[in-house]
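Q:
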Amino acid sequence: MAELLMTAKNDTPKPDKKPDEKPGKRPGNKRTRLASVAFVESPLQFLSALESHEPHEDLLIRARANAKGMTSFLDAFDTSWLPENVRLEREGAKPGVLRKANFDRIYLGDACSGQVHKALSLAYLERRMPEVVILDDGLATYSTVEILTAKRGPLVRPRQKLKASRTVMAAHVADRLRGLAMAGRLRWHTALPVSKPLRKAFLKTGGEITRHRFEHLQTLPTGGSHPRDNPVIGSALAADGLIDAAAYRVWVDEITDTHGSITYYPHRRETDEFLADLARDDRVRIKHVGLPIELRLVNLPPGSTIRSLPSTAAVSLAVLNPDVTISVTEVPAQWWTGASPDSLRKSLNAQAVKADVDS
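In this text, residue positions in the sequence shown follow my numbering: the first is 607, and each later residue adds one.
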């Protein structure tokens, strides 16, 4: 196993604009303040919305509290950590909130969400959509962006099979977003590495890419001490059926055999049964965190090593703490169960790619 060390409606014709124009500095926007809404369904999407918020913007974050892992996260998140002019509501995407307010901008945490598709389709069936910003949704974001750079096709997660009615809605939303890109009103705000081919393809559609380095997150308290005993980031790949669970368990055992005791930070989708079995090993300390692991491990001392399979958390922590070594194990070919497309496997194992610096 190789390890990598990581350091629709027509929505107006396309205006002239610079492809890497910085957020908040769009020509022709004469409003002194923007009214925006963000639909988020995971802790990372929530943090990405905070990073996207601009000083002149009134932002309403609608968090889907019943999504897995979100209730514990929202309970642990101190609302005093919200930037000024940001409000939080524990409701997901609903057509009503879009109909009642005339938003200038919509942030999408999961552009493949059925709830989001329904809200956008019903609220903007015969209306002009405002600017849309795609937020990071883990490594699945790559798949979303690839779909939007294609000429056609519904916004569907890898392996997801939809009913005919949902497929039509997912295709409708995808087409509307492609129309926004052509009109210069679709943006991807990201901390992820972006390969040159993907960047070029997205910009060619008329979309824009802007970047952040978790500037707001780095101002927040980390909420506790940090273990020094070999932190390991848990993966959902086995729980999701994408890789062999037994092979994944062997990988964890090899870490403890080689490096001694570890602190294991489970992914929110890992099963109780797997974690209970793992906890029987006296060398493994399982640490459940309500807050995202980025908040928990951002202040590890220089020289620390975090071990992980390819994951968004590994990418985020490499950005947040360049003095910490992120040891990422590539997923061997024999681990894959065949339930994921080749494009997903390639993107997961491409974590050594260097981000293009657009801004």
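The C-beta atom is built at its ideal place from N, Cα and C for all residues, glycine as well.
Since this is a predicted model, take the numbers as computed values, not measurements.
Residues in its own chain within less than 6 Å of T869 by CB, not counting five upstream and five downstream?
A: Excluding sequence neighbours, T869 sits near P833, D835, P837, R891, K893.
Q: Mapping DSSP to helix, strand and coil, what is L761?
A: L761 falls in the coil class under three-state DSSP.
Q: Applying the criterion that 16 or more other CB atoms from any shown protein chain within 10 Å of the CB defines a buried residue, is H662 buried or exposed?
A: Its Cβ having fewer than 16 others within 10 Å, H662 is exposed.
Q: By DSSP's criteria, F645 is part of a beta bridge. Which residues make up the other side?
A: The partner list for F645 (beta bridge, DSSP) reads R668, L714.
Q: Determine, using beta carbons only, whether G715 and V774 come nearer to each other than 7 Å.
A: Cβ atoms of G715 and V774: not closer than 7 Å.
Q: DSSP three-state label for S914, please.
A: In this structure, S914 counts as strand in the three-state DSSP scheme.
Q: In the structure shown, what three-state DSSP assignment does D551 receive?
A: For the chain, the structure presents residues 607 to 965; residue 551 sits outside this window and is missing.
Q: Since T943 and D850 are thought to touch, with beta carbons under 8 Å apart, how far apart are those beta carbons, to the nearest angstrom?
A: Confirmed, about 6 Å.
Q: So L915 packs on V937, CB below 8 Å; how close in whole Å?
A: Yes, they are in contact, since the Cβ atoms of L915 and V937 sit about 6 Å apart, within 8 Å.
Q: Do you know offhand how far W687's Cα is from A669's?
A: Between W687 and A669, the C-alpha separation is close to 15 Å.
Q: Please report the straight-line C-alpha distance between H659 and D863, rounded to a whole angstrom.
A: Computed Cα separation, rounded: 44 Å.
Q: For the alpha helix (DSSP H) containing T864, name the first residue and the last one.
A: Element bounds for T864: 851–865.
Q: Under the assumption that L804 contacts E752 (Cβ atoms under 8 Å), give the Cβ distance between them as a whole number of angstroms.
A: About 7 Å separates the two Cβ atoms, so the contact holds.
Q: Compute the beta-carbon to beta-carbon distance between L650 and G744, rounded to the nearest angstrom, for a pair I have assumed lies under 8 Å.
A: That pair is a contact at about 6 Å.
Q: By the DSSP assignment, the alpha helix (DSSP H) with S771 in it spans what residues?
A: 770–788 is the span of the alpha helix (DSSP H), which, as asked, contains S771.
Q: Counting only beta-carbon atoms, is S910 nearer than 7 Å to chain C?
A: Among the protein chains of the structure shown there is no chain C, as only one such chain exists.
Q: Would you decide whether A644 is buried or exposed? Buried here means 16 or more other CB atoms lie within 10 Å of its CB.
A: Burial call: buried.
Q: Nearest CA to the CA of N905: which residue from N927, W857, A699?
A: Of the listed residues, the one whose Cα sits closest to N905 is N927.
Q: Where does S654 sit, in a helix, a strand or coil, going by DSSP?
A: In the structure shown, S654 sits in a helix (DSSP, three-state: H, G or I).
Q: Which residue from A729, T816, G720 puts its Cα closest to that of P799?
A: Considering only alpha carbons, the answer is T816.
Q: Leaving out the 5 sequence neighbours to the left and right, which residues in its chain are closer than 7 Å to R875 when beta-carbon positions are compared?
A: These residues qualify, in order along the chain: K674, A842, A845, D846.
Q: If the criterion is Cβ atoms closer than 7 Å, does the pair A699 and V722 meet it?
A: Going by C-beta atoms, A699 is nearer than 7 Å to V722.
Q: In the DSSP assignment, find the beta strand (DSSP E) that holds P803 and state where it starts and stops.
A: Careful: P803 lies outside any beta strand (DSSP E), inside the alpha helix (DSSP H) at 802–810.
Q: To the nearest angstrom, how far is it from the Cα of Y748 to the Cα of G813?
A: Each residue's Cα considered, the two are about 14 Å apart.
Q: Grab the span of the alpha helix (DSSP H) containing E900 for me, first residue to last.
A: Taken as a continuous stretch (DSSP letters only), the alpha helix (DSSP H) holding E900 covers 899–903.
Q: Counting C-beta neighbours from all protein chains within 10 Å, is the total for E737 16 or more, i.e. buried, or is it exposed?
A: With 16 or more Cβ atoms within 10 Å of its Cβ, E737 is classed as buried.
Q: Find out if the Cβ-Cβ distance for the pair Y713, A655 is shorter than 7 Å.
A: Contact: yes.
Q: Where A885 and I861 are concerned, what is the direct C-alpha to C-alpha distance, given to the nearest angstrom?
A: Between A885 and I861, the C-alpha separation is close to 15 Å.
Q: Cβ of W941 within 7 Å of Cβ of A882?
A: Taking 7 Å as the Cβ cut-off, W941 and A882 do not qualify as a contacting pair.
Q: Within the same chain, show all residues whose beta-carbon is closer than 6 Å to that of R902, passing over the 5 residues directly before and after it, in chain order.
A: Around R902: V895.
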